[in-house]
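Numbering (the numbering used here), first residue to last: 255 to 746. Note that beta-carbon positions come from the ideal geometry of N, C-alpha and C, so glycine has one too. Only a predicted model underlies this, so the values are computations on that prediction, with no experimental measurement involved.
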């Protein structure tokens, strides 16, 4: 494919003959550049691609696409200056991979909580209905039998287009994308033509290290409906909205302004998909919806909402409720989401990804509803992230748990003990005696499990499915589930 077929909206192009070159690929990471490719210099949160232009030219890039007008390049390297490098990257990627989203049913899921679980449930239902379905999300990217560990919840635009093209080539007809607020704000899903957009919920104290304030975070989430779904070329589009969330009207209004079918879900009787009855216990959730009985082994009110979102989505896409109910009943767990670790012990151990104060509160209230003899909680907070949620998480954990083991999460470039102190400040003084400060996460998990007795619940929160711990930007192997299982085997 020639460069001139890829490049649009260019302000300056020199030399002109560069546009007639055959392009081997599109790159934003100079380490991956191949000879004859286009290197797009995008600005990231920690690095500016313009600093790596020389690396790209040394590796044989044919053209540099940038927002900078004053770059000095070798005479054999073309220069294209654009207003928005990220948008240019997305547009070129879609053209290069021949718009794969046009030929698939594309479902985007956004929200503070529930993206991963909702996405997995939808995928399971679609596969049960015999639709070959791909997944791009927090845990991993799934292309048929090929599993790729996730680097970002929503990868860069060129990576998404490459994944979609591979899915299409392998005969997949549907794909579920978790769409993060970062991706929406940075235009990573530009030039993807969505069929469905799902809003699970939104709450404060999430990604404020990036968005700076809740308003910016909210506006980023709204973009899935006000911009990306609105501009999608698909004819029959759906916005699936959680009507119970206090910000739902903003999402409803954004969807209704465009040629989009709006479908609501929630516990409110005003919702299009609302349970007539529901209950949950240690075996899962039972509920009735539109006269049909459902049961899932997933636990808690959050998973009821996730199931409702999935039912509303897949039923809108033409799958009948009987098939949906059958599929949901077969789901055993979502990796790292209320995931049980069992080595035959007489108490319960659960690993969960809850890493915000809202998610932690919801998780611990769910466990309290199941009447544990005692509730023992292990958790920490990530470094280089929003600090305001740390004392809130400490306050909630100490209020709802019998014993709290405050430990390290992914400290990144912060001192773990300082993060722990930020958490501990939120614990009211009469509950501080419930807390044990253990910076070493493995030791904290070990002490909680060794302290547990019959009928207790040990909840290990914050990292969920993650298989690493980030210390000084180095990824060390660490999986809460494996570590908990090893300790349980020793105790047994």
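Query	Result
Proximity winner among 490, 527 and 524, relative to residue 509 (alpha-carbon distances)	490
Distance CB(residue 552)-CB(residue 585) smaller than 8 Å	yes
Nearest residue (CA-CA) to residue 434, options 288, 700 and 443	443
Whole-angstrom distance between residue 330 and residue 368, CA atom to CA atom	49 Å
Stretch-stretch touch, CB-based, cutoff 8 Å, three pairs: the region 335-353 with the region 568-576	no
Sequence ranges, beta strand (DSSP E) only - wholly within the region 536-570, length at least 3	538-543 and 546-550
Cβ-based neighbour list, residue 275, same chain, cut-off 8 Å, excluding 5 preceding and 5 following	256, 257, 290, 316, 317 and 332
4-residue-minimum alpha helix (DSSP H) runs that sit fully inside the region 664-729, ordered along the chain	670-678 and 695-705
Through-space distance from residue 643 to residue 468, alpha-carbon basis	13 Å
Close Cβ partners of residue 535 (< 8 Å) along its chain, the five nearest in sequence each way excluded	624
Ranges of the alpha helix (DSSP H) found wholly within the region 601-630, counting only runs of at least 4	611-623
Euclidean distance between Cα positions of residue 293 and residue 403	25 Å
For residue 329, the three-state DSSP class (helix, strand or coil)	coil
First through last residue of the beta strand (DSSP E) which encompasses residue 431	428-432
Cβ neighbour criterion (16 or more within 10 Å) applied to residue 600	exposed
Sheet register partners of residue 493 (DSSP bridge)	451 and 516
Residue nearest to residue 631 in terms of C-alpha spacing, selected from 319, 734 and 282	734
Identified DSSP bridge partners for residue 394	403
Coarse secondary structure for residue 365, derived from DSSP in three states	coil
Selected residue, minimal CA-CA separation from residue 429, among 360, 456 and 280	360
Cβ neighbour criterion (16 or more within 10 Å) applied to residue 340	buried
Rounded C-alpha distance that separates residue 583 from residue 679	43 Å
Which of helix, strand or coil DSSP assigns to residue 591	strand
Inter-stretch contact (C-beta, 8 Å, three-pair minimum) for the region 482-489 and the region 389-402	no
For residue 293, the first and last residue of its enclosing beta strand (DSSP E)	292-294
Inter-residue spacing [alpha-carbon to alpha-carbon] between residue 602 and residue 743	14 Å
Assumed close pair residue 476, residue 448 - CB separation to whole angstroms, cut-off 8 Å	Not confirmed; about 14 Å, so no contact.
N- and C-terminal bounds of the beta strand (DSSP E) containing residue 659	657-660
Closest Cα partner of residue 418 within the set 478, 380 and 352	352
Backbone CA spacing between residue 466 and residue 673 [nearest angstrom]	19 Å
Pick from 529, 338, 709 and 714 that is closest to residue 697, judged by C-alpha positions	714
Coil, strand or helix - residue 506 by DSSP	helix
Spatial neighbours of residue 578 in its chain, beta-carbon cut-off 7 Å, leaving aside the 5 residues before and after	379, 565, 568 and 569
Limits of the unbroken alpha helix (DSSP H) element including residue 578	575-583
Cβ-Cβ distance between residue 685 and residue 654 below 8 Å	no
Three-way DSSP call (helix, strand, coil) for residue 645 in this model	helix
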